[in-house]
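Q:
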Amino acid sequence: MTRQRRVAVTSPQTRLVIARRRSGARVDPPHLAAPEMERARRVHREQLRRAMGAVAGLAGLIIGLPLVLAAFPELDAVRLSGVPVSWLAVAVLPYAVLVLLAGWQLRRAEEAEE
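Sequential numbering of the sequence shown, starting at 2, is according to the working numbering.
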């Protein structure tokens, strides 16, 4: 059985940067036609606008979690498998929320490209 050769897939900009580093020569990136440039700008603006929702969710998590834990100090007394719920909220909850936010943002960014 013959193993297939692995191929790295990179964007044209990445290839240009790597080539520039190797040769030391200045390489200009490819230029887009006017309609394609306008579409790229529109998609970029839309993705930035949609990213603000994910950033707001992240800010809500970073600011809200300590506020919730301060508002409910009795969570220190509640234990799950011998570990205080407040510790679990700090150690596990942010990562789960970050994964969900990342997936949500990825879907929204891909929708903006369509």
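For every residue, glycine included, the Cβ atom is placed at its ideal position computed from N, Cα and C.
1) I need the straight-line Cα distance from residue 89 to residue 64, nearest angstrom please.
2) Return the bridge partner residues of residue 93 from the DSSP annotation.
3) On the criterion of 16 or more Cβ atoms from any shown chain inside 10 Å, does residue 87 qualify as buried, or is it exposed?
4) Does the count of Cβ pairs from the stretch 60-80 and the stretch 30-44 closer than 8 Å reach three?
5) Do you know how far the Cα of residue 85 is from the Cα of residue 20?
6) May I ask which residues mark the beginning and end of the alpha helix (DSSP H) holding residue 50?
7) Since residue 84 sits in a beta bridge, which residues does DSSP pair it with?
8) Using the three-state DSSP reduction, which class does residue 120 fall into: helix, strand or coil?
A: Answer, in terms of the structure:
1) To locate residue 89, count along the sequence shown from 1; it is residue 88. To locate residue 64, count along the sequence shown from 1; it is residue 63. Here the alpha carbon of residue 89 sits roughly 17 Å from the alpha carbon of residue 64.
2) Stepping through the sequence shown from its first residue, residue 93 is reached at position 92. Partner(s): none; residue 93 has no beta bridge.
3) Locating residue 87 in the sequence shown gives position 86, counting from the first residue. With 16 or more other Cβ atoms within 10 Å, it is buried.
4) At 8 Å Cβ cutoff, the stretches do not touch.
5) Along the sequence shown, one-based indexing puts residue 20 at 19. Along the sequence shown, one-based indexing puts residue 85 at 84. Spanning the two alpha carbons is a distance of roughly 54 Å.
6) Here residue 50 corresponds to residue number 49 of the sequence shown, with the count starting at 1. Element bounds for residue 50: 35-72.
7) Position 83 of the sequence shown, counted from the start, is the residue given in the question as residue 84. Looking at the DSSP assignment, residue 84 forms a beta bridge with 81.
8) Not covered by the structure: residue 120. The range shown for the chain is 2 to 115.
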